[in-house]
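Visitor: One structure is given below, represented as structure tokens, and several questions about it will come after.
Number of protein chains: 2
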Amino acid sequence: MSAGTAADDTRSRLLATALRLFSKHGVGGTSLQMIADELGVTKAAVYYHFKTKDEITEAVAAPALQELLARMDEAERQRTRGAQIDQALSGFVDIIVRYRSLIALFNSDPGIMRAIERSLDGVENFAARMRTLLAGPDPDLATAINVNVMLAGLALAGGAPEQADLDDETLRTHLFDIGRRMLGRPKRRGARAEDKS
Amino acid sequence: MSAGTAADDTRSRLLATALRLFSKHGVGGTSLQMIADELGVTKAAVYYHFKTKDEITEAVAAPALQELLARMDEAERQRTRGAQIDQALSGFVDIIVRYRSLIALFNSDPGIMRAIERSLDGVENFAARMRTLLAGPDPDLATAINVNVMLAGLALAGGAPEQADLDDETLRTHLFDIGRRMLGRPKRRGARAEDKS
DNA sequence: GTCTATACTTAGATAGAC
DNA sequence: GTCTATCTAAGTATAGAC
Numbered sequence: 001m002s003a004g005t006a007a008d009d010t011r012s013r014l015l016a017t018a019l020r021l022f023s024k025h026g027v028g029g030t031s032l033q034m035i036a037d038e039l040g041v042t043k044a045a046v047y048y049h050f051k052t053k054d055e056i057t058e059a060v061a062a063p064a065l066q067e068l069l070a071r072m073d074e075a076e077r078q079r080t081r082g083a084q085i086d087q088a089l090s091g092f093v094d095i096i097v098r099y100r101s102l103i104a105l106f107n108s109d110p111g112i113m114r115a116i117e118r119s120l121d122g123v124e125n126f127a128a129r130m131r132t133l134l135a136g137p138d139p140d141l142a143t144a145i146n147v148n149v150m151l152a153g154l155a156l157a158g159g160a161p162e163q164a165d166l167d168d169e170t171l172r173t174h175l176f177d178i179g180r181r182m183l184g185r186p187k188r189r190g191a192r193a194e195d196k197s
Numbered sequence: 001m002s003a004g005t006a007a008d009d010t011r012s013r014l015l016a017t018a019l020r021l022f023s024k025h026g027v028g029g030t031s032l033q034m035i036a037d038e039l040g041v042t043k044a045a046v047y048y049h050f051k052t053k054d055e056i057t058e059a060v061a062a063p064a065l066q067e068l069l070a071r072m073d074e075a076e077r078q079r080t081r082g083a084q085i086d087q088a089l090s091g092f093v094d095i096i097v098r099y100r101s102l103i104a105l106f107n108s109d110p111g112i113m114r115a116i117e118r119s120l121d122g123v124e125n126f127a128a129r130m131r132t133l134l135a136g137p138d139p140d141l142a143t144a145i146n147v148n149v150m151l152a153g154l155a156l157a158g159g160a161p162e163q164a165d166l167d168d169e170t171l172r173t174h175l176f177d178i179g180r181r182m183l184g185r186p187k188r189r190g191a192r193a194e195d196k197s
């Protein structure tokens with residue numbers, strides 16, 4: 001698969017460089033020229049690997065989305081609603097915490113989101129699946145809005161600079177507790193989650 | 001002040017046009033050329049009224065921010081903590097609901113935020129003041145994160161397309177209730193809010 | 001004071017040579 | 001797989017017409 005061909009190397013170096021520059025200057029503030037200069041190649045060389053700037057953006061974001069997908073699959077395999085909710089929430093929070101620099105980047109420069117939506121069948125699918133996992137198939141209005149606020153709040157606040165210097169475990173714990181509280185589920189301390197609904 | 005000079009008219013038409021195009025194509029997807037064409041003038045004419053594209057963006061966003069500022073002032077004038085919190089929260093929710101199309105725009109295209117931050121002494125000040133109003137001067141970590149999640153969640157979800165077809169009053173009620181619940185304050189039904197803390 | 005004509009710089013993107 | 005050259009469009013800027 002990933003034999004160390006020159007292209008593979010350039011491609012991965014390119015993605016690493018792009019992520020670094022994106023984080024420093026934002027996506028909009030990073031030109032292909034900058035990326036090319038940093039790599040010691042020309043813009044055209046960059047274009048050989050990615051047909052458009054959006055493709056680079058997507059490739060940078062892909063790992064987090066893939067992982068979220070896997071976590072949602074896992075949650076859907078749970079047999080009780082309570083376990084589904086816990087799995088979905090903890091998966092969501094885990095991704096937020098682990099990829100928070102990426103999320104911060106996206107939040108600060110979300111022309112990105114549109115690019116991602118176009119490619120990955122839409123982030124909308126992610127959000128819709130997540131909502132169903134957490135609120136069930138036919139939530140009333142209050143529940144639906146509540147879940148939307150929760151998802152948006154956890155993601156945005158998780159990536160926010162105010163929380164940037166918290167260690168992963170602390171942030172994860174707090175976000176998870178907030179999520180459970182918002183879903184009307186009791187705090188759990190260490191033990192396995194119980195079926196509740 | 002605002003005598004009907006040609007410039008004033010062009011300026012306000014320009015802002016209206018910009019808002020419309022921004023909403024349709026996003027800020028990044030709207031060029032000065034498009035705005036100029038729509039107005040039947042040249043790019044340079046646009047440039048006469050606003051020295052940069054960011055200035056247009058700021059001017060479009062300004063009313064909402066000004067109003068939020070006023071609401072925070074009002075909240076700070078309240079004598080009890082409980083009344084401060086209620087005022088701040090309801091002011092915040094009101095702005096979100098009334099300007100939700102603007103918020104949706106910003107969320108979908110947040111290169112904007114940086115532009116606004118640069119001009120209006122930073123959105124950071126808004127967020128910091130709001131946090132202090134809602135969480136008090138020296139909140140513990142859990143409270144601080146909780147308020148951050150709430151602010152981010154209400155704002156983002158309020159502007160989200162899922163809630164787009166709710167009428168203002170319904171959305172306001174739900175967001176306000178979610179906010180109060182997250183702050184650990186009892187629901188109030190009709191009556192004036194009581195001092196609680 | 002308001003706008004047009006024009007031009008400069010940089011960005012994203014493409015074609016074709018090596 | 002990478003480079004040179006080139007194109008279009010964006011944002012910015014100025015000189016000058018009215």
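Sequence lines, in order, name chains A and B. Position 168 of the first sequence, counted from 1, bears residue number 168 in the UniProt record's numbering, the numbering being contiguous throughout. Position 94 of the second sequence, counted from 1, bears residue number 94 in the UniProt record's numbering, the numbering being contiguous throughout. Using N, Cα and C, we set each Cβ at its ideal position, and we do this for glycine too.
#1: To which residues of the same chain is B/K24 closer than 7 Å at the C-beta, ignoring the five residues directly before and after it?
#2: Could you say which of A/I96, A/E74, A/T80 and A/L39 lies nearest to A/L156 if we only look at CA atoms?
#3: Let me see if you follow: with CB-CB separation under 8 Å, is A/N125 close to chain B or not?
#4: Taking C-beta pairs closer than 7 Å, name the residues in chain A that B/M150 reaches, listed in chain order.
#5: Is there a C-beta anywhere in chain A that falls below 8 Å from the one on B/M182?
#6: Can you say whether B/S197 is buried or exposed, counting buried as having 16 or more other CB atoms within 10 angstroms of its CB?
#7: Have a look at B/S90 and B/R100 and give me their C-alpha separation to the nearest angstrom.
#8: Can you give me, in chain order, the residues of the segment 129-143 of chain B that have a beta carbon less than 9 Å from any beta carbon in chain A?
#9: Is DSSP giving residue 198 of chain A helix, strand or coil here?
#10: B/E55 to B/G40, Cα distance in whole Å?
#11: Please name the residue in A/D94, A/Y48 and A/T57 whose C-alpha comes closest to that of A/L69.
#12: Under 7 Å between beta-carbons, which chain A residues line up against B/E162? List them in chain order, please.
#13: Taking the CB atoms as reference points, tell me whether A/G28 and A/I103 lie closer together than 8 Å.
#14: Does the Cβ of B/D168 lie closer than 7 Å to at least one heavy atom of the ligand FMN?
#15: Hey, would you say B/D15 sits closer than 8 Å to B/V60, going by beta carbons?
#16: Can you tell me which of B/A160, B/G82 and B/A64 puts its alpha carbon nearest to the alpha carbon of B/G184?
#17: With a cut-off of 8 Å, does the C-beta of A/G28 fall near any C-beta of chain B?
#18: Between B/A191 and chain A, is any beta-carbon pair separated by less than 8 Å?
#19: What does the Cβ neighbour count give for B/E58, buried or exposed, with the cut at 16 atoms within 10 Å?
#20: Does the segment 134-145 of chain B come close enough to the segment 165-181 of chain A to have 3 or more Cβ pairs within less than 8 Å?
#21: Give me the Cα-Cα distance between A/E67 and A/F126, rounded to the nearest whole angstrom.
#22: Do you know offhand how far A/S108's Cα is from B/R13's?
#23: Would you verify that the beta carbon of B/E58 is, or is not, closer than 8 Å to some beta carbon of chain A?
#24: Contact defined as beta carbons within less than 8 Å: I believe A/L154 pairs with A/F92. What is the distance between those atoms, to the nearest angstrom?
#25: Pick from B/R172, B/T30, B/S31 and B/K51: whose alpha carbon is nearest that of B/G11?
#26: Which of helix, strand or coil does DSSP assign to B/A80?
#27: Could you tell me which chain A residues have their CB closer than 7 Å to the CB of B/A157, listed as they occur along the chain?
#28: Below 7 Å CB to CB, which residues in the same chain sit around B/L171 once its five sequence neighbours on both sides are set aside?
#29: Please list, in chain order, the chain B residues whose beta carbon lies closer than 9 Å to that of A/I178.
#30: Could you tell me how far apart the beta carbons of B/I151 and B/F22 are, in whole angstroms, since I believe they sit closer than 8 Å?
#31: B/K24 lies in the alpha helix (DSSP H); which residues open and close that run?
#32: What does a CB cutoff of less than 6 Å around A/R131 pick up in its chain, not counting 5 residues either side in sequence?
#33: Helix or strand or just coil, what does DSSP make of A/R181?
#34: Do you know how far the Cα of A/H174 is from the Cα of A/D168?
#35: So that I know if they touch, is there some Cβ in chain B lying closer than 8 Å to that of A/H174?
Guide: Taking the coordinates as given:
#1: Counting from 1 along the second sequence, the entry for residue 24 of chain B is found at position 24. Around B/K24: no qualifying Cβ.
#2: Here residue 156 of chain A refers to the residue found at position 156 when the first sequence is read from its first residue. Minimum Cα distance to A/L156 is reached at A/I96.
#3: Residue mapping note: residue 125 of chain A aligns to position 125 of the first sequence, counting from 1. No, A/N125 does not count as interfacial toward chain B.
#4: On the second sequence, residue 150 of chain B is found 150 positions in, with the first residue counted as 1. Those are G153, listed as they occur along chain A.
#5: To locate residue 182 of chain B, count along the second sequence from 1; it is residue 182. Cβ-Cβ to chain A under 8 Å: yes for B/M182.
#6: Position 197 of the second sequence, counting from 1, holds the residue named residue 197 of chain B. Here the model assigns B/S197 a pLDDT of 44, short of 50, so the residue's position is not dependable, and the following value carries that caveat. Classification of B/S197: exposed, given that the 10 Å Cβ count is below 16.
#7: Locating residue 90 of chain B in the second sequence gives position 90, where the first residue counts as 1. Locating residue 100 of chain B in the second sequence gives position 100, where the first residue counts as 1. Spanning the two alpha carbons is a distance of roughly 15 Å.
#8: R131, L141 and A142
#9: Because chain A here runs from 1 to 197, residue 198 of chain A falls outside it and cannot be looked at.
#10: On the second sequence, residue 55 of chain B is found 55 positions in, with the first residue counted as 1. On the second sequence, residue 40 of chain B is found 40 positions in, with the first residue counted as 1. Taking the straight line joining both Cα atoms gives about 20 Å.
#11: By one-based count along the first sequence, residue 69 of chain A stands at place 69. If we check each option's Cα against that of A/L69, A/D94 comes out closest.
#12: Locating residue 162 of chain B in the second sequence gives position 162, where the first residue counts as 1. Under the 7 Å cutoff, chain A gives N148.
#13: Working through the first sequence from its first residue, we reach residue 28 of chain A at position 28. Working through the first sequence from its first residue, we reach residue 103 of chain A at position 103. It is not a contact, given that the beta carbons lie outside the stated cut-off.
#14: As presented, the structure is devoid of all ligands, the ligand FMN included, so that no description of it is given.
#15: On the second sequence, position 15 is the one that residue 15 of chain B refers to. On the second sequence, position 60 is the one that residue 60 of chain B refers to. Before going on, a small fix: residue 15 of chain B reads as Leu here, not Asp. Yes, these two residues count as a Cβ contact at 8 Å.
#16: Your numbering for residue 184 of chain B matches position 184 in the second sequence. B/G184 has its Cα closest to that of B/G82, out of B/A160, B/G82 and B/A64.
#17: Reading the first sequence from its first residue, position 28 is the one you call residue 28 of chain A. Chain B contact via Cβ: present.
#18: Taking the second sequence and counting its residues from 1, one reaches residue 191 of chain B at position 191. Residue confidence is low: B/A191 scores 46 on pLDDT, short of 50, so the model does not pin down where it sits. No coordinate-derived value is stated.
#19: Along the second sequence, one-based indexing puts residue 58 of chain B at 58. The residue is buried, with at least 16 neighbouring Cβ atoms inside 10 Å.
#20: yes
#21: Walking along the first sequence from the start, residue 67 of chain A turns up at place 67. Walking along the first sequence from the start, residue 126 of chain A turns up at place 126. Near 11 Å, if we compare the C-alpha coordinates of A/F126 and A/E67.
#22: For the purposes of this step, residue 108 of chain A is taken as residue 108 along the first sequence, with counting starting at 1. For the purposes of this step, residue 13 of chain B is taken as residue 13 along the second sequence, with counting starting at 1. Taking the straight line joining both Cα atoms gives about 29 Å.
#23: Counting from one through the second sequence, the residue named residue 58 of chain B turns up at place 58. Not one chain A Cβ lies under 8 Å of B/E58.
#24: For this step, residue 154 of chain A is matched to residue 154 along the first sequence. For this step, residue 92 of chain A is matched to residue 92 along the first sequence. Right, the Cβ-Cβ distance comes to about 7 Å (below 8 Å), so this counts as a contact.
#25: Here residue 11 of chain B refers to the residue found at position 11 when the second sequence is read from its first residue. Position check: residue 11 of chain B holds Arg in this sequence, whereas Gly was assumed. The shortest Cα separation from B/R11 among B/R172, B/T30, B/S31 and B/K51 belongs to B/K51.
#26: Within the second sequence, numbered from 1, the residue matching residue 80 of chain B stands at position 80. Strictly speaking, residue 80 of chain B in this sequence is Thr, with Ala absent from that position. Note: B/T80 maps to coil in three-state DSSP.
#27: Within the second sequence, numbered from 1, the residue matching residue 157 of chain B stands at position 157. Within chain A, the residues near B/A157 are I145, N148, V149 and A152.
#28: The residue labelled residue 171 of chain B in the question sits at position 171 within the second sequence. For B/L171, where only same-chain residues beyond five positions count, the Cβ hits under 7 Å are V97, G158 and Q163.
#29: To locate residue 178 of chain A, count along the first sequence from 1; it is residue 178. Result: A142, I145, N146, V149, M150 and M182.
#30: To locate residue 151 of chain B, count along the second sequence from 1; it is residue 151. To locate residue 22 of chain B, count along the second sequence from 1; it is residue 22. It should be pointed out that residue 151 of chain B corresponds to Leu in this sequence rather than to Ile. Not quite, the Cβ-Cβ distance comes to about 23 Å (not below 8 Å), so this is no contact.
#31: To locate residue 24 of chain B, count along the second sequence from 1; it is residue 24. First-last of the alpha helix (DSSP H) with B/K24: A6 to H25.
#32: For this step, residue 131 of chain A is matched to residue 131 along the first sequence. Contacts found: V147.
#33: In the first sequence, counting from the first residue as 1, residue 181 of chain A sits at position 181. In this structure, A/R181 counts as helix in the three-state DSSP scheme.
#34: Numbered from 1 along the first sequence, position 168 holds the residue referred to as residue 168 of chain A. Numbered from 1 along the first sequence, position 174 holds the residue referred to as residue 174 of chain A. One C-alpha to the other measures close to 10 Å.
#35: Numbered from its first residue, the first sequence carries residue 174 of chain A at position 174. Cβ-Cβ to chain B under 8 Å: yes for A/H174.
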